[in-house]
Each structure stands twice: as C-alpha cells, then as structure tokens.
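Student:
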Amino acid sequence: MGRRSKYPEEFRQRAAQLVLDSRRSGRDVAGELGINHETLRNWVAAERRERADGPAALTADERMELARLRRKVAELELEREILKKAAVFFARETGR
Numbered sequence: 001m002g003r004r005s006k007y008p009e010e011f012r013q014r015a016a017q018l019v020l021d022s023r024r025s026g027r028d029v030a031g032e033l034g035i036n037h038e039t040l041r042n043w044v045a046a047e048r049r050e051r052a053d054g055p056a057a058l059t060a061d062e063r064m065e066l067a068r069l070r071r072k073v074a075e076l077e078l079e080r081e082i083l084k085k086a087a088v089f090f091a092r093e094t095g096r
C-alpha cells in the first residue's frame, strides 16, 4: 500500500480533469500548479481509467474493501465447515 498523498483528492481530480478537458500538456499544467509532471501523469491515468469504467465502477477504496470482505467470507466459511465436522464428531461420540 502506498503512502498518503499530500494533495487532497479533489485537487488531484481537478488537476487531472484540467489536462484531459483542455488542450494543454501535462507538463504545462503541472508547472502551473507547482507539482511534478510525473505525479500529474499518474493522476491523469487514474482519471482516464475511472472515466472508462463509468460512474457505476468501484472506487479504489471500494475494491480494497471488497477484497477484504471476500477474504473474511472465505475465512468464515472455513470456520463453519470445521464446526460442522466437529458437531458431527461429537454427535457420534455422545451417541455411543
């Protein structure tokens, strides 16, 4: 996981939109905003991906949360299977 950005999310989105919606180069916009042009290039790439996915697409935070929840579901299903087997085992033991 990367470090937190020192730039607010809204600033990053607007800077990327400025490059995409205008005919200006990323270097020009980055120089005007006082940021590294490679940083702006990354923001523009992320904005392009988001635009391609459309409004119904998951955000990065939502994808991370979905992955975490899927891992948790898998863990809980495994625990449930173990408990089922233990219940069968103990039912047999008490039936003797």
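Residues in the sequence shown are numbered consecutively from 1, following UniProt numbering. We put the beta carbon where it would ideally sit given N, CA and C, even for glycine. Quick caveat: nothing in here was measured; it's all calculated off a predicted structure.
For a quick check, are the C-beta atoms of residue 108 and V29 less than 8 Å apart?
Tutor: This structure cannot settle anything about residue 108, because the visible part of the chain is limited to 1 through 96.
Student: Taking C-beta to C-beta, are V44 and V19 nearer than 8 Å?
Tutor: Numbered from 1 along the sequence shown, position 44 holds the residue referred to as residue 44. Numbered from 1 along the sequence shown, position 19 holds the residue referred to as residue 19. Result yes, Cβ atoms of V44 and V19 sit closer than 8 Å.
Student: Can the beta-carbon of A57 be found less than 8 Å from the beta-carbon of E65?
Tutor: For the purposes of this step, residue 57 is taken as residue 57 along the sequence shown, with counting starting at 1. For the purposes of this step, residue 65 is taken as residue 65 along the sequence shown, with counting starting at 1. No, the pair does not count as a contact, with Cβ atoms beyond the cut-off.
Student: Kindly list the residues whose CB is nearer than 8 Å to the CB of G26, restricted to its own chain and excluding five residues on each side of it in sequence; keep chain order.
Tutor: Here residue 26 refers to the residue found at position 26 of the sequence shown. Within the same chain, G26 has close Cβ partners V19, H37, L40, R41 and V44.
Student: Cα separation between E32 and Q17?
Tutor: If you number the sequence shown from 1, residue 32 lands on position 32. If you number the sequence shown from 1, residue 17 lands on position 17. So the alpha carbons of these two residues sit roughly 14 Å apart.
Student: Whose CA, out of A52, E75 and I35, lies closest to the CA of P8?
Tutor: Sequence index remark: in the sequence shown, residue 8 carries index 8 (1-based). For the residues A52, E75 and I35, the minimum Cα distance to P8 belongs to I35.
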